[in-house]
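Here is the structure we will look at.
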Amino acid sequence: SGICGQRTEAPSNSLPMFRIRGGQASDIREQPWQAALTVYRPRGNSYNFLCGGVLIDSCWILSAAHCFQESFTSYLQK
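For the sequence shown, the residue numbers in the working numbering are 693 to 770.
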């Protein structure tokens with residue numbers, strides 16, 4: 693277990709899940725302060741990516757205002 697905000701070593705056999713054109717592969721443990729905000733869709737029993745955020749405290753994520761438009765408020769939960 694790592695310390696908040698400090699990188700941990702990624703195993704050599706890890707595979708990236710997402711890619712950005714021209715970017716570099718990254719393991720989830722290389723940016724422990726990064727958060728993925730998702731929306732649960734009960735009809736499809738699935739989670740969909742909504743926005744990214746950054747961990748600013750043990751229970752707080754900072755994200756952009758447009759991620760929380762009125763149309764998404766019914767999906768937001770603790």
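Note that the Cβ used here is the ideal one computed from N, Cα and C, for glycine as well.
Quantities reported herein were computed from a predicted structural model and do not represent experimental measurements.
Minimum C-alpha distance to residue i - residue among the options
i	options	result
V731	D719, I720 and Q761	Q761
R721	I748, I695 and L754	I695
A757	L742, D749 and Q726	L742
V746	A717, W725 and G714	W725
S750	A727, S718 and G744	A727
G744	L754, G736, S738 and N737	L754
N-terminal and C-terminal residue of the beta strand (DSSP E) that residue i is part of
i	result
W752	W752 to L754
Q726	Q726 to R733
Helix, strand or coil at residue i [DSSP, three-state]
i	result
C743	strand
I748	strand
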